[in-house]
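The UniProt record's numbering numbers the first residue of the sequence shown as 1 and each following residue consecutively.
Even glycine gets a Cβ: it sits at the ideal position worked out from N, Cα and C.
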Amino acid sequence: MEIGVHIADVTHYVTPKSLMEKEAYDRATSVYLVDRTIPMLPERLSNGLCSLRPNEDKLTFSCVFEITDQAEVKDFWIGRTVIHSNRRFSYEEAQENMDAEAGEYAKDLLKINSLAKLLRSARFKKGAINFETVEVKFKLDETGTPVGLIIKERKDVHKLIEEFMLLANKTVATYIYNKNKGKSTFVYRVHDYPDLEKLATFASFATKFGHEIKFMDEKKVSNSLNKLMEEIVGKPEQNILEQLAIRSMAKAKYTTEPKQHFGLAFDHYTHFTSPIRRYPDMMVHRLLQHYLDGGKPPENQAWEEKCLHSSEREKRAADAERASIKYKQVEYMKLAEDKDYAGIVTGVTEWGVYVEISETKCEGMVKVQDLTDDYYDFDNKNMRLIGAKNKKMITLGDKVQVRVTRTDIDRRTIDLEFVSNDK
1 MEIGVHIADV THYVTPKSLM EKEAYDRATS VYLVDRTIPM LPERLSNGLC SLRPNEDKLT
61 FSCVFEITDQ AEVKDFWIGR TVIHSNRRFS YEEAQENMDA EAGEYAKDLL KINSLAKLLR
121 SARFKKGAIN FETVEVKFKL DETGTPVGLI IKERKDVHKL IEEFMLLANK TVATYIYNKN
181 KGKSTFVYRV HDYPDLEKLA TFASFATKFG HEIKFMDEKK VSNSLNKLME EIVGKPEQNI
241 LEQLAIRSMA KAKYTTEPKQ HFGLAFDHYT HFTSPIRRYP DMMVHRLLQH YLDGGKPPEN
301 QAWEEKCLHS SEREKRAADA ERASIKYKQV EYMKLAEDKD YAGIVTGVTE WGVYVEISET
361 KCEGMVKVQD LTDDYYDFDN KNMRLIGAKN KKMITLGDKV QVRVTRTDID RRTIDLEFVS
421 NDK
């Protein structure tokens with residue numbers, strides 16, 4: 001079966017030394033805030049010239065695979081193309097046709113989905129880590145104020161697209177690496193083996209929730225984490241443990257060094273598939289075409305500096321996105337003051353108890369000074385509070401009922417109280 005991954009040829013329109021190039025490099029990434037998107041490129045490009053609309057000729061950079069029914073890639077071709085598609089599906093439309101096993105291109109979608117599942121399974125067998133984080137989206141009114149929440153569900157169609165994007169990215173990186181045994185200057189997306197101390201801290205934290213993890217070697221780390229991710233699905237501690245597991249990992253970055261991607265279990269990996277929203281993908285397109293044209297490797301240092309800049313901008317964007325979410329969480333919970341919620345204790349310190357509200361995934365704090373039924377001592381070793389007289393314990397993983405007492409939008413804080421003093 002032939003499957004093509006076709007990506008908008010952004011670098012055809014954004015030329016080196018142009019003002020658009022300068023601005024794209026400076027931004028290095030689009031930023032996705034809760035109530036707005038700050039794009040890397042102008043809308044005329046992203047939603048116009050580079051939008052792969054059906055029934056129009058579009059300039060693309062393509063990775064075309066000859067793939068067997070067992071999802072083995074027998075051959076591939078990489079190069080610039082012109083495509084003319086005749087149908088564009090929304091995720092919802094494609095999923096509906098797959099679920100019904102009927103409708104336009106249902107047979108093709110089901111076949112491609114079966115291949116995606118095989119590719120996914122093969123990744124996990126090699127040691128890829130399966131982080132299926134719970135994603136919460138806000139419903140906003142016309143003023144941008146959050147008025148509701150939606151738990152975003154990852155369906156087969158999302159995983160289908162993901163697997164073929166991963167395949168294209170891996171194929172491009174491996175192709176360039178093999179072309180000159182890793183000596184060709186290129187932009188790789190690398191992810192180092194996690195720090196053992198951070199893993200030990202995470203394992204200790206997971207134990208507080210009743211989950212045992214053993215980290216022996218690289219493969220065991222992946223297997224243990226995947227087993228844990230399966231165990232916690234649907235449990236109150238799912239969100240907090242998923243987030244902490246991700247934080248215990250090394251940070252992925254861009255570099256010209258052809259190192260592994262630990263989380264994906266790929267020897268070589270890059271970002272080729274999103275040049276509209278990521279500058280490193282534009283760098284990859286340019287270098288890839290340079291080598292396809294028979295060019296010699298350019299000087300490495302200038303590209304490494306661009307990689308460093310892109311990694312820094314990516315971190316800045318992620319920080320802004322997290323701050324935006326926290327802001328909207330506090331804004332949303334302000335509407336919920338004096339309401340009671342079920343929650344789970346996600347952190348215990350000498351000054352307070354952090355509680356994640358199960359319904360909204362928002363985190364707030366019950367201050368120790370507000371625990372009026374007793375004087376509580378902090379047990380640092382076991383991360384818990386113990387009542388001096390009543391010996392009641394507040395510890396990680398406790399299921400609790402809380403009430404929102406106060407929100408502070410300037411400090412981005414949510415104050416809580418336990419609904420009853422026996423927590």
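Per-residue DSSP class, three states only, for residue i
| i | result |
| --- | --- |
| Thr37 | strand |
| Asp57 | coil |
| Tyr354 | strand |
| Val368 | helix |
| Thr349 | coil |
| His84 | coil |
| Arg322 | helix |
| Lys423 | Because Lys423 sits at a pLDDT of 48, beneath the cut-off of 50, its placement in the model cannot be relied upon, and the following sentence gives the value as read from the coordinates. Three-state result, Lys423: coil. |
| Asp377 | strand |
| Ile240 | helix |
| residue 454 | For residue 454 there is no data in the structure shown, the boundaries of the chain being 1 and 423. |
| residue 426 | With the chain running from 1 to 423 in the structure shown, residue 426 is simply not present. |
Identity of the residues DSSP links to residue i by a beta bridge
| i | result |
| --- | --- |
| Arg278 | Thr29 |
| Asp415 | Met365 and Arg406 |
| Trp77 | Val64 |
| Met393 | Ile386 |
| Arg316 | For Arg316, which the question treats as bridged, DSSP gives no partner whatsoever. |
| Tyr91 | BP columns for Tyr91 are empty, so no partner. |
| Gln401 | Ala342 |
| Pro146 | Leu140 |
Alpha-carbon to alpha-carbon, residue j and residue i
| i | j | result |
| --- | --- | --- |
| Asn47 | Ser30 | 14 Å |
| Val419 | Lys155 | 37 Å |
| Arg411 | Val147 | 21 Å |
| Glu2 | Leu288 | 22 Å |
| Arg406 | Leu335 | 10 Å |
| Ala116 | Gly79 | 23 Å |
| Lys181 | Leu118 | 29 Å |
| Pro54 | Phe164 | 20 Å |
| Val75 | Phe65 | Contrary to the premise, residue 75 reads as Asp rather than Val in this sequence. Taking the straight line from one Cα to the other gives about 6 Å. |
| Asn421 | Leu371 | A caution first: Asn421 carries a pLDDT of 48, below 50, which makes its placement in the model unreliable, though a value can still be read off. Spanning the two alpha carbons is a distance of roughly 7 Å. |
| Thr413 | Thr349 | 16 Å |
| Tyr279 | His271 | 10 Å |
| Gln329 | Lys220 | 36 Å |
| Tyr91 | Pro42 | 24 Å |
| Cys307 | Met282 | 12 Å |
| Ser222 | His268 | 18 Å |
| Lys389 | His211 | 30 Å |
| Ser18 | His290 | 19 Å |
Chain-order list of residues whose beta-carbon lies under 7 Å from that of residue i (same chain, five-residue window excluded)
| i | result |
| --- | --- |
| Lys198 | Ser248 |
| Gly387 | Asp374 and Tyr376 |
| Ala94 | Leu109 and Val157 |
Inter-residue CB distance, residue i and residue j (contact presumed, cutoff 8 Å)
| i | j | result |
| --- | --- | --- |
| Asp374 | Lys399 | Wrong, their Cβ atoms sit about 20 Å apart, outside the cutoff. |
| Thr81 | His12 | About 11 Å separates the two Cβ atoms, so there is no contact after all. |
| Ser324 | Leu33 | 4 Å |
| Val284 | Val172 | 7 Å |
| Phe202 | Leu244 | 6 Å |
| Asn239 | Glu356 | 6 Å |
| Ser85 | Gly4 | Not really, about 10 Å apart at Cβ, beyond 8 Å. |
Same chain only: Cβ atoms within 8 Å of residue i, ignoring 5 sequence neighbours per side
| i | result |
| --- | --- |
| Glu242 | Phe131, Glu132, Thr133, Val134, Met229 and Ile232 |
| Ala24 | Val14, Met40, Leu41, Tyr279 and Met282 |
Residues near residue i in its chain [Cβ-Cβ closer than 6 Å; skip 5 each side]
| i | result |
| --- | --- |
| Phe186 | Ile176 and Leu287 |
| Thr395 | Arg384 |
| Cys50 | Ala8, Val10 and Ile276 |
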